[in-house]
Structures are given as structure tokens and as C-alpha cells.
Amino acid sequence: MSEYKVKFEIFEGPLDLLLHLVKKEEVDIHQVNLTKIATQFIEYIDLMRVFDLDIAGEFLVMASTLMYIKSRELLPVEQQVVAEGEEEEEDPRWELIRRLVEYKKFKDAAAQLQERESAQEHIYPRLPGKPEFAADGPVPRAPVSVFDLVNAVNSILKRFTTQEARDVYEDKWTVGEKIESILTLIQTRPVLKFSELFVTATTRGEVIVTFLAMLELIRLRQMVIDQPEPFAEIEIRIAPPEMLAESATDAAAPIATENAENISPAATN
Amino acid sequence: MELKNILEAVLFSAQKPMSPKELQELFALTAEQTEEEIARALKKTKQEAIATALEELAGEHERAARSYRLVCVAGSWQFVSQPEFAPWIRTLVGQKQRPTRLSQPALETLAIIAYRQPITRAEIEQIRGVAVDGVMQTLLERDLVEQSGKAEVVGRPSLYSTTPEFLEYFGLRSLEEMPAADELRRIQVQKPESLVTADPGLATAPPEALAEADINQLTAAPTAAVSERENKG
Amino acid sequence: MELKNILEAVLFSAQKPMSPKELQELFALTAEQTEEEIARALKKTKQEAIATALEELAGEHERAARSYRLVCVAGSWQFVSQPEFAPWIRTLVGQKQRPTRLSQPALETLAIIAYRQPITRAEIEQIRGVAVDGVMQTLLERDLVEQSGKAEVVGRPSLYSTTPEFLEYFGLRSLEEMPAADELRRIQVQKPESLVTADPGLATAPPEALAEADINQLTAAPTAAVSERENKG
């Protein structure tokens with residue numbers, strides 16, 4: 030029984046156990062005496078029973094295959110029953126050996142993966158510190174988010190809190206008109222401060238309409254917004270030529286599909 | 576393996592310049608943490624030996640004439656790229672300042688966390704009506720939100736809050752500066768009986784901070800925001 | 576200044592691995608943001624030219640035999656340290672946040688998927704001879720494999736393939752780089768002409784008969800097996 034001590038390692042399945050037994054025989058898989066291996070395999074299963082271990086179904090299926098091979102080989106060839114039309118029947122030995130060879134290759138491949146896995150633990154990618162640049166050249170401008178925008182328009186709206194907010198007189202302005210006037214303004218002055226757009230506004234309504242006009246122009250990629258630096262006042266400028274070219278393609282999108290994603294295409298400039 | 580090679584490997588992996596003294600300490604610390612002979616042999620390397628090896632190494636890199644050099648600034652050593660490559664590196668650094676823009680679901684989730692923090696994942700999902708696993712992962716990875724504790728309810732789920740990076744990302748000085756969103760604060764979150772953390776639907780920000788803007792302005796179409804305002808008025 | 580030098584400088588400064596495509600975009604972007612002639616000249620550099628230059632560059636670094644190398648993992652390039660310097664770098668940057676190692680069954684299953692992808696669960700179980708449910712769960716959760724489609728057979732079972740994360744985890748440049756790939760790829764297993772029936776108990780045939788049922792015939796493409804034999808003869 031002493032040799033069984035080593036056998037109680039965990040096998041990953043019946044093929045794994047079979048490979049282990051073949052290896053112990055120190056012969057090539059193709060030359061192995063399957064009858065002998067079958068006997069050892071079944072002994073192992075019996076031993077597992079003795080020790081009351083759970084035997085997975087796969088082990089039992091394999092055991093019966095092996096029993097079949099064993100019984101077949103014990104019979105002289107002429108006594109083996111070959112049912113009609115079964116001459117071409119797969120030799121069970123061949124099938125089993127084919128599977129063993131294939132499994133062994135993958136087991137070897139797994140071992141190589143494992144080597145790579147542990148080798149990787151010793152390899153560190155270079156993570157450089159961020160290079161710093163002197164003030165020469167343009168510093169990337171901070172893109173502006175929808176939070177910034179809403180926040181900015183809020184602070185402008187506060188100017189009107191003293192007036193009657195729920196005023197009844199109708200708005201003199203439409204979004205379309207404001208778009209026109211912003212476009213005119215930005216033709217003469219390529220960079221505008223955000224607050225400059227609203228200096229002439231006299232009512233909350235006008236501030237809101239101006240704001241919507243600005244959003245629309247950004248969506249149409251006629252203008253971009255950004256900040257010279259974090260916390261600085263937002264600036265508005267004419268969109269660079271390549272963005273104007275793109276605008277033709279998606280200008281037809283209805284405003285209702287607008288979302289925060291599209292509000293700051295200025296981000297990368 | 577020479578001292579020089581090890582110094583090179585360390586400085587190549589270091590994120591900041593290192594002085595011979597810091598390198599000496601690194602050798603001593605490594606010697607304690609490993610069984611490896613070479614590491615133990617270097618335990619008491621002298622600062623002078625390190626300095627000499629660094630000079631030699633810098634000479635080697637000078638002669639190799641690659642796109643980077645080993646230089647000593649204010650007594651600390653580091654690898655730096657050659658100035659003529661600045662245009663590309665500047666673009667590289669600039670690009671990285673801001674990773675890809677946040678998706679709409681991420682923005683919405685972030686807005687919910689910002690206004691309702693601290694909040695559990697289940698509560699977020701209840702407001703958004705969908706699972707937020709992927710989105711939360713993104714927000715956590717980008718350091719825009721963080722785990723800030725455990726809710727005192729069954730299962731002790733994690734609570735999430737925004738981070739200082741969140742403020743930085745949106746250019747906000749503080750959470751108070753966020754555009755007010757009455758709607759968002761008002762949404763009732765239904766919790767299972769046993770899971771009551773606080774008054775359901777209670778906002779974290781004081782009511783006086785709630786001004787004009789609302790959730791529509793954050794996420795929906797501007798025209799919708801206006802019509803909403805008009806309806807209210 | 577050659578393309579090679581610029582690529583080196585960029586990868587030297589990059590915070591993450593970069594693919595030829597990303598590098599191409601960086602060149603295009605830099606060209607737009609600068610007046611410098613060289614940068615503008617590189618505006619439309621082809622990905623192929625970048626890939627070639629990177630290979631050359633990696634060769635140069637290999638030959639220089641320094642403490643770091645330029646490597647390509649999952650199609651992206653980065654500088655990495657040589658493994659023998661791990662003790663000091665570990666002290667420097669702290670223990671790597673690497674997930675637990677994979678179990679033996681997980682590795683075997685992964686190997687089968689890697690070489691035979693896309694593959695169904697049933698085919699994997701056929702090769703391993705055991706059920707793989709739990710193991711597949713682990714591999715999917717760790718993003719090492721993914722569902723890549725449905726097999727065009729009865730029941731339309733899912734097909735599984737490896738992910739880019741698989742390549743990253745094992746430091747592989749591509750699937751082609753896996754060891755003995757050609758032998759393990761999906762190939763028809765050829766049965767020898769006739770299985771010689773020999774002494775009872777003997778699996779296949781005596782050694783002289785084995786020449787015919789060579790292992791090559793079991794696993795490699797038939798033509799390959801033949802030429803191999805001819806070479807030997």
C-alpha cells in the first residue's frame with residue numbers, strides 16, 4: 030500500500046490521473062501497456078472509495094472505458110464479437126491514446142503559461158514622472174464642462190434676482206436672433222469672455238435665450254469654449270476650420286438629443 | 576550584475592529624481608527584504624561608490640547618444656528626455672491631462688453621487704433605474720468618486736462620495752459651487768424597510784444652496800430646461 | 576533626428592503602453608500644434624513605418640543589453656525593466672498589485688482556449704475530460720477570456736476566445752508568440768492507416784510499426800508530418 034501515498038495528489042481529471050500513471054511507467058504514451066494502466070487506474074478508484082472520497086463521475090466513465098479495453102484485449106481476436114457493419118469501429122485504445130496525447134500537449138502548454146505568469150511578476154513597466162514644461166509654448170487649455178457652464182450662467186442670473194423674476198412681459202428675444210448677434214460679435218472679436226455675452230442683457234429671459242444660443246452655436250461647432258487655466262473665466266472663440274467643416278455633417282441633429290457630451294468639443298484644443 | 580546596472584534599473588523606474596543617499600537607503604531596505612545574495616551584498620554600499628557609479632553611467636548614456644540622458648540636478652539623479660523632442664512629449668502630456676470624456680451614463684451617475692453623497696450603489700441604481708456596475712468602475716478608476724464608508728444597514732453596503740479630483744475635473748472650488756438641482760435632490764429613493772439610512776430623499780446640501788438650475792440643465796436638452804422653468808413660473 | 580529617435584523619446588515619457596496607431600495620432604496632433612518643420616513632416620507617418628521603426632529600436636536596445644528593454648505586449652509598446660532587477664524596483668515602487676496566480680485547472684483551460692479559439696465549453700470539456708464551469712467563471716471574471724460568438728451547431732452554444740488582457744497578463748505580444756503554437760492549433764487528428772494489432776495489452780504497435788504512427792501524425796498537419804519525415808530520412 031505504501032506506493033499509494035504519492036498517489037493522493039489532486040488530479041485534475043481522469044486524463045490527468047492516466048498521464049500520471051503513464052509517466053510512472055516511463056514509456057512513451059504510444060507504447061504504454063493500457064491493460065496494466067487500466068488495472069492501476071481502477072485500483073486508484075477503489076482506494077478512493079476506501080477512503081470515502083468523492084469520486085467525480087468522469088473518473089467512473091473512464092474506469093468503465095478502461096475495463097472495456099482490458100476485457101477486449103484479453104479475448105483472442107477471433108472470439109471478439111464484431112457486429113455486422115462495425116468493422117470500421119473506432120479502436121478504443123486509439124481513441125484513448127489520442128485524447129491522452131492531446132491532453133498532455135495542453136498540460137505542457139499550461140506549464141509554459143505558468144512560467145510566463147511568474148516571470149511577469151518580475152517585470153516592471155517604466156512609469157515616468159510627468160515631464161514638466163517651462164512656460165514656453167502653449168499650455169493645454171482646460172476644457173469646460175456643462176457644470177461650469179450652468180454654474181456660470183447661474184451667477185449671471187443672480188444679477189436679476191432683485192428684479193421680479195416671474196415677470197409677465199414677453200421676451201423680446203428669440204434664440205435665432207441671439208445666434209445672429211453672437212455670430213456678428215465674434216466675427217469682429219475672435220475671443221470673447223463668457224460674461225461679455227451677457228453685459229447687454231436686461232432680463233432673465235434674455236440671459237437664458239443668450240445662453241441657449243451659445244449652446245446651440247457650440248453644438249453646431251461654430252464656436253468653442255475653454256478656459257485659459259482652471260478657475261479662470263470661460264472664453265468663447267470661433268471654432269477652428271476643421272471643426273467648421275465637420276459641422277455640416279451633423280448640424281441636422283435635433284436639439285433634443287443634445288447632451289453634455291457634445292457641449293465641450295473644445296476639450297482637445 | 577554591477578552596481579551601475581542596478582542604479583540604472585532603479586532610476587529608469589523611478590518617478591522622481593533620487594540622491595545617492597536615497598539610493599543607499601533603497602539598497603539597505605532591499606537587502607532586508609530579500610534572500611538574494613547580490614542584494615544582501617549591496618546592503619552597505621557607500622554613498623561615494625554610488626556617486627562614482629552614477630557618474631560613469633551618465634557618461635555611458637552620453638556616449639550612447641539616445642533620446643534621453645541621465646542627469647544630476649541639485650544632487651539628485653534622473654533620466655530626462657532630450658529637449659529637441661519636446662513638441663511630441665508636450666502633445667503626449669497634454670493629451671493625458673484629460674482622459675477620454677465621461678459618457679452620459681457616467682455623468683448622470685456622477686451627478687447623483689455629487690448631490691446625494693454619501694450614497695449606496697443600490698440607491699444610485701434606484702434613481703437611474705439601471706445597474707451601474709460598469710459606470711461605477713469607471714468613476715472609481717478615474718478617482719472621481721471613492722468609497723467613503725459603510726451604510727449602517729443590513730449587509731453594510733459601501734457608501735460612495737465624490738473626491739477632490741471630482742472638483743478639480745469640473746473646475747469647482749467646492750461642492751457648494753455646484754449648480755443647484757432641486758429636482759435631483761427631491762427624488763425619493765425607496766429603501767427596503769430595514770434599510771433606512773436617513774430620511775429618504777433628504778438632500779445633503781442645505782436648501783438655501785438650491786438656486787435656479789435643476790437636473791434638466793445638467794443632463795437634458797436646454798429647451799427642455801426652459802419649458803420646465805416656464806411651467807414653474 | 577529620425578523617426579526612431581522620436582518614438583523612443585515618446586515611449587520613454589509615456590505613462591502607458593502605446594500602439595502604432597496611437598503614436599500615429601500623436602504625430603498628427605503634434606504636427607497641428609507646432610510650427611516645427613520636422614514635426615509637420617511627420618504628420619502623415621504610416622503605421623507600418625512606425626511599426627518597422629519600433630522593431631528596429633527594440634533590436635537596438637536588446638543589443639545594448641542595458642537594464643531595461645523595449646517590448647511589445649498585446650500590440651502596444653513600452654519600456655520595461657529586466658527581471659533580475661526586480662528586488663530593488665519592488666522596494667522602490669512597492670509590491671505589484673497583481674491578482675492571485677491562476678490555478679492549474681484554470682491554466683489548462685486557458686491554454687486550450689488560447690490555442691483553439693473560438694471554442695465551445697463542450698469542446699474544452701472534451702479535451703480536459705472534466706467539467707469546466709467553475710474555472711470558466713473565474714476566467715471570464717478576470718477578463719482573460721470572453722464570449723466571442725455562437726457556434727453554428729444545434730443549440731448554438733457560446734464560443735469563447737481570449738482577450739487582450741490575456742496577452743497583457745502573460746506579457747505576450749500576440750497569440751502567435753505563444754510557444755509551440757503551430758502544433759496545438761486546431762488541426763484534424765489523423766488516424767494511422769491501420770492500427771497494428773499486436774500482443775494483447777500493448778497499446779498500439781511495436782516500435783518499428785510506430786514509425787508510421789508517428790506523433791506528428793497525431794497532432795500536426797499531415798503535410799507537415801510528411802516533410803518532417805522526409806527531412807529525417
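Protein chains in written order, with my numbering: chain G, 30 to 298; chain E, 576 to 808; chain A, 576 to 808.
For every residue, glycine included, the Cβ atom is placed at its ideal position computed from N, Cα and C.
Computed from a prediction, not measured in an experiment: that's the story for all the values here.
Residue i to residue j span [Cα, whole Å]
i	j	result
arginine 665 of chain A	proline 592 of chain A	20 Å
arginine 731 of chain A	serine 588 of chain A	48 Å
tyrosine 643 of chain A	leucine 747 of chain A	17 Å
alanine 633 of chain E	glutamate 611 of chain E	27 Å
alanine 661 of chain E	methionine 243 of chain G	36 Å
leucine 759 of chain A	histidine 636 of chain E	44 Å
phenylalanine 240 of chain G	leucine 714 of chain A	51 Å
glutamine 141 of chain G	glutamate 597 of chain A	31 Å
asparagine 62 of chain G	serine 749 of chain A	40 Å
proline 754 of chain A	lysine 99 of chain G	37 Å
serine 651 of chain E	tryptophan 652 of chain A	29 Å
leucine 246 of chain G	phenylalanine 741 of chain E	27 Å
leucine 719 of chain A	lysine 134 of chain G	21 Å
arginine 717 of chain E	alanine 681 of chain E	11 Å
glycine 669 of chain A	proline 269 of chain G	46 Å
aspartate 349 of chain G	glycine 709 of chain A	The question about residue 349 of chain G has no answer here: the residues shown for chain G are numbered 30 through 298.
methionine 711 of chain E	leucine 677 of chain A	27 Å
threonine 217 of chain G	proline 157 of chain G	45 Å
glutamine 590 of chain E	leucine 214 of chain G	48 Å
arginine 615 of chain E	valine 648 of chain E	29 Å
valine 56 of chain G	glutamine 608 of chain E	45 Å
leucine 299 of chain G	tyrosine 132 of chain G	This structure does not reach residue 299 of chain G, given that chain G is present from 30 up to 298, and the question cannot be answered.
Beta-carbon gap between residue i and residue j smaller than 8 Å
i	j	result
isoleucine 254 of chain G	glutamate 264 of chain G	yes
glutamine 599 of chain A	threonine 627 of chain A	no
leucine 221 of chain G	glutamine 251 of chain G	no
arginine 641 of chain A	glutamate 583 of chain E	yes
isoleucine 702 of chain E	isoleucine 687 of chain E	yes
threonine 737 of chain E	glutamine 679 of chain E	no
phenylalanine 70 of chain G	leucine 50 of chain G	yes
valine 729 of chain A	glycine 42 of chain G	no
isoleucine 84 of chain G	methionine 77 of chain G	yes
phenylalanine 745 of chain A	arginine 145 of chain G	yes
valine 325 of chain G	isoleucine 66 of chain G	Outside the modelled stretch of chain G, which goes from 30 to 298, sits residue 325 of chain G, for which no answer is possible.
tryptophan 663 of chain E	leucine 601 of chain A	yes
valine 236 of chain G	phenylalanine 223 of chain G	no
Candidates the options: closest to residue i by CA position
i	options	result
alanine 603 of chain E	E:Leu617, E:Ile699, E:Gly669 and E:Gly704	E:Leu617
leucine 125 of chain G	G:Thr94, G:Arg145, G:Gln143 and G:Glu144	G:Thr94
tyrosine 735 of chain A	A:Leu742, A:Glu743, A:Gln722 and A:Glu597	A:Gln722
tyrosine 690 of chain A	G:Lys136, G:Arg127 and G:Glu146	G:Lys136
leucine 667 of chain E	A:Val585, A:Glu577 and A:Met576	A:Val585
serine 733 of chain E	E:Thr695, E:Glu623 and E:Ile581	E:Thr695
arginine 122 of chain G	G:Thr231, G:Glu87, G:Tyr97 and G:Gly158	G:Tyr97
glycine 234 of chain G	G:Arg128, G:Lys207 and G:Thr217	G:Lys207
arginine 101 of chain G	G:Thr64, G:Gln60 and G:Gly205	G:Thr64
glutamine 622 of chain A	A:Pro739, A:Gly709, A:Asp708 and A:Lys579	A:Lys579
threonine 675 of chain A	G:Leu103, G:Asp120, G:Tyr132 and G:Gln143	G:Gln143
threonine 203 of chain G	G:Val238, G:Leu47, G:Pro157 and G:Ala138	G:Val238
lysine 725 of chain A	A:Ile625, A:Ala697, A:Glu743 and A:Pro739	A:Ala697
Beta bridge counterpart(s) of residue i as assigned by DSSP
i	result
glycine 724 of chain E	E:Leu734
proline 154 of chain G	A:Val655
tyrosine 643 of chain E	E:Ser656
isoleucine 694 of chain A	A:Tyr735
isoleucine 265 of chain G	G:Leu221 and G:Ile254
asparagine 580 of chain A	Beta-bridge pairing links asparagine 580 of chain A to no other residue.
methionine 593 of chain A	A:Trp652
beta-carbon residue i near the ligand HEM non-hydrogen atom, thresh 7 Å
i	result
glutamate 54 of chain G	With respect to the ligand HEM, the structure shown offers nothing to examine, as it has no ligands at all.
Could you tell me whether the region 650 to 657 of chain A touches the region 145 to 161 of chain G, where touching means 3 or more Cβ pairs closer than 8 Å? yes
Counting only Cβ-Cβ distances shorter than 7 Å, please list the residues of the region 700 to 720 of chain A near chain B, keeping chain order. Reference to chain B is not applicable here, since the protein chains of this structure are G, E and A.
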